[in-house]
Amino acid sequence: MVGMLQRTWDSMSSAEAGSSFLPLSFRFFASFGLLALHAALPADVRADGPGELVYLGMLLLFFVEAAWESAQGLRSRNQLFPTPGLGWIRWNLLLDLALVTLVIAFQGVTQERFSSLYIFPVLASAFYLGTLEIVGVGVLSAITHVLVVLGFAHGILPTFGLSSEFGPQDSGRASFILGIASLQVFATALVALLIRRNLDRLRTDLSVSEAVVGELSALHERVVESLSSGLITLDLEGRVTSANPAAEAILGKHIVPGVAIQELLPLSSPLPLYRGREHRFEVVLPRPEGGRQILGGHLAGLRGLNREETGQLLLFQDLTDLKALEERTRISERLASIGQLAAGLAHELRNPLASISGCVQLLQREDSPQEVEKRVLGILDRETQRVGAILSDFLDFARPEVVGGSVLFLPKVLEEARASWEMDPRTKGLPLLMDEVAQVSCRSDATGLHRLLLNLLVNARKAVEGRPSPMVRLACTLHEEGIRLSVADNGCGMTPEQLKQLFVPFAGSFREGTGLGMSLVYRFIQAMGWRIEVDSEPGRGTLIEILIPSTSQEEPLASGAMKT
Numbered sequence: 000m001v002g003m004l005q006r007t008w009d010s011m012s013s014a015e016a017g018s019s020f021l022p023l024s025f026r027f028f029a030s031f032g033l034l035a036l037h038a039a040l041p042a043d044v045r046a047d048g049p050g051e052l053v054y055l056g057m058l059l060l061f062f063v064e065a066a067w068e069s070a071q072g073l074r075s076r077n078q079l080f081p082t083p084g085l086g087w088i089r090w091n092l093l094l095d096l097a098l099v100t101l102v103i104a105f106q107g108v109t110q111e112r113f114s115s116l117y118i119f120p121v122l123a124s125a126f127y128l129g130t131l132e133i134v135g136v137g138v139l140s141a142i143t144h145v146l147v148v149l150g151f152a153h154g155i156l157p158t159f160g161l162s163s164e165f166g167p168q169d170s171g172r173a174s175f176i177l178g179i180a181s182l183q184v185f186a187t188a189l190v191a192l193l194i195r196r197n198l199d200r201l202r203t204d205l206s207v208s209e210a211v212v213g214e215l216s217a218l219h220e221r222v223v224e225s226l227s228s229g230l231i232t233l234d235l236e237g238r239v240t241s242a243n244p245a246a247e248a249i250l251g252k253h254i255v256p257g258v259a260i261q262e263l264l265p266l267s268s269p270l271p272l273y274r275g276r277e278h279r280f281e282v283v284l285p286r287p288e289g290g291r292q293i294l295g296g297h298l299a300g301l302r303g304l305n306r307e308e309t310g311q312l313l314l315f316q317d318l319t320d321l322k323a324l325e326e327r328t329r330i331s332e333r334l335a336s337i338g339q340l341a342a343g344l345a346h347e348l349r350n351p352l353a354s355i356s357g358c359v360q361l362l363q364r365e366d367s368p369q370e371v372e373k374r375v376l377g378i379l380d381r382e383t384q385r386v387g388a389i390l391s392d393f394l395d396f397a398r399p400e401v402v403g404g405s406v407l408f409l410p411k412v413l414e415e416a417r418a419s420w421e422m423d424p425r426t427k428g429l430p431l432l433m434d435e436v437a438q439v440s441c442r443s444d445a446t447g448l449h450r451l452l453l454n455l456l457v458n459a460r461k462a463v464e465g466r467p468s469p470m471v472r473l474a475c476t477l478h479e480e481g482i483r484l485s486v487a488d489n490g491c492g493m494t495p496e497q498l499k500q501l502f503v504p505f506a507g508s509f510r511e512g513t514g515l516g517m518s519l520v521y522r523f524i525q526a527m528g529w530r531i532e533v534d535s536e537p538g539r540g541t542l543i544e545i546l547i548p549s550t551s552q553e554e555p556l557a558s559g560a561m562k563t
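Quick note: the sequence shown, position 107, residue 106 per numbering that gives the first Met the number 0, numbers continuous.
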């Protein structure tokens, strides 16, 4: 008994109580309420008359029958008022009509307010029956009320409750009551039909929506399972909520929901916040059979319908083979570069060595005039310096760049570059234009940055030689991505073919120099992680911009592993 009461309470307080079967719940509470009300009211206030015991007995039967159906539903479906099959639906509506008729007959057919009770069975039928059956419930309700009123008016039905005071003398009032009641019932039937039509439309739309959602869900599942990349979803605390088959294949283990991601990958704990952007990582894992496995991917936020972050999404790939291919390609490119450098170096050294060899042969002649010997010694000095410059630049190019350095105040760096420009006799008094320099700093190698600026300025000086109004400009500005250093000139410019060969060693187009200046510039920029952009057209000059990204304060994602 206690267990049944507990199940009843749980059923009434659960979410399923909102889908209770209306005719049964109406009969259960209405019969119980009427019995309780009749017992609670004083004798001089409550309705009485002939057949009072029959009335109370019938109410008790209705209550017992409703309680029995509720108990059956509680046992079989753990719900107090479950919706039964179509046959039981019709039976319950008939019982509701009988209960309403009993109440109206005992309380008095002259009471217009009680005749409105027929509205409830008609409205309830809209949720469970078809169109014709709804009309049938309305017609049956109206006919039942007409027969009851006429039966008491003409004495066909025996005296019962307050309806015993109703007789043939009240036929005019009976017509009014019947008209009002019938109008209410048929108006309710019309409303019920509209409700039913809307319910059918909603069910159709719901079915279509469910089909679309089902297709999208199946498509999403197929896409996730077909991904070659590993996909793991996490909650806000960094625990796994789901993983696709590729993730398990890449990691070589079964992923159990609820496990912390740090047990699968060496990532930081706690994970960095989303903050509207992705966090990239690259980690190295040891293989059970030996060797290592390189994984790379990114971590992004997972948002719900209200755009609030509900978790995180981890997408990663096995980069081991790709890294090995990159290393082989890098070695091949390095070997090819060495061969190209060797050929370029041999070509650049051949000309001064030939001049030196010729000068030595002239000096070996005993009859060489003193003027010739003086000129030959000048040539030897010049060509020796040229060979030294080539070898010096080549050693600088071959030497690994120093990454990092110190924090440099850029206005001071640019001022030092201008001072070097002004002290160079080759500039021949050409002014170096400088706009107002942004008061910013960056982390770099001081010597490497100074050499970079001088190489760009030297090339600009060579490009403006012979121009009627030469101009060279050095600038430092701020933009949305960081700092922009630029060197501009109105010199000869470059053709598309020259632009393609700009950073190739020994591919310079100027007669003066070793051909390694721009190669040194490019190597330094690559080592620092900066970016260079070149805009040039023949006859219109050249603009070279160095883009220095702003320093990122991003939280590290990979822990104890390679990071990108």
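C-beta atoms are modelled at their ideal positions from N, C-alpha and C, and glycine is treated no differently.
Predicted model, so just to flag it, every value in this text is computed and none were measured.
Around S227, the same chain offers A245, Q316 as residues with beta carbons nearer than 8 Å, after the five sequence neighbours per side are excluded.
Distance from the Cα of M422 is smallest, within the candidate group Q438, V436, L321, L453, for L453. If only uninterrupted beta strand (DSSP E) runs of at least 3 residues are considered, those enclosed by the stretch 238-262 are 239-242. Between L270 and G237, the CB-CB gap stays under 8 Å. A487 counts as buried, since at least 16 other C-beta atoms from the protein chains shown sit within 10 angstroms of its C-beta. Within the model, the alpha-carbon separation for G72 versus G86 is close to 15 Å.
I531 has I545 as its beta-bridge partners, per DSSP. The Cβ atoms of L498 and L413 lie no closer than 8 Å to each other. Nearest to A248 by C-alpha distance, out of K411, S225, K373, is S225. As DSSP reads the structure, V53 sits in no beta bridge.
Here DSSP, grouped into helix, strand and coil, assigns H297 to strand.
When DSSP reads this structure, C475 sits in a beta bridge with L484. Just so you know, the alpha carbons of G48 and V207 end up roughly 57 Å apart.
Under DSSP, Q525 forms no beta bridge with any residue. Taken in chain order, the complete beta strand (DSSP E) segments of 3 residues or longer contained in the stretch 404-439 are 405-408, 431-433. Taking the C-beta atoms as reference points, L92 is found nearer than 8 Å to S124. Per DSSP, T494 is not a residue of any beta strand (DSSP E), being assigned neither H nor E.
When secondary structure is reduced to three states using DSSP, L266 falls in the strand class. For a cut-off of 8 Å, the C-beta gap from L94 to F61 is around 7 Å, short enough to register as a contact. As the crow flies, the alpha-carbon of T240 is around 8 Å from that of V255. In this structure, the alpha-carbon of L484 lies about 6 Å from that of E544. The DSSP assignment places complete beta strand (DSSP E) segments of no fewer than 3 residues inside the stretch 192-239 at 229-233, in order along the chain. Taking the Cα of L407 as reference, the smallest distance to any Cα among Q106, H449, V99, E532 is reached at H449. With fewer than 16 other CB atoms across the displayed protein chains lying within 10 angstroms of its CB, F28 is exposed. Residue pairing by DSSP puts R291 in a beta bridge opposite P285. Each residue's CA atom was taken as its position, placing Q106 and T130 some 32 Å apart. Membership of T100 in any beta strand (DSSP E) is not indicated; the residue belongs instead to the alpha helix (DSSP H) covering 85-106. Contact between the stretch 34-41 and the stretch 74-86 is absent: fewer than three C-beta pairs spanning the two stretches fall below 8 Å. Judged by pairs of C-beta atoms under 8 Å, the stretch 433-440 does not touch the stretch 516-523, as fewer than three such pairs exist. In this structure, L98 sits near S30, with a CB-CB distance shorter than 8 Å.
According to DSSP, L312 shares a beta bridge with T232, A299.
By the Cβ criterion, the stretch 461-476 is in contact with the stretch 425-433, since at least three pairs of Cβ atoms, one from each stretch, lie closer than 8 Å. The C-beta separation of T232 from L312 comes to about 6 Å, placing the pair in contact by the 8 Å criterion.
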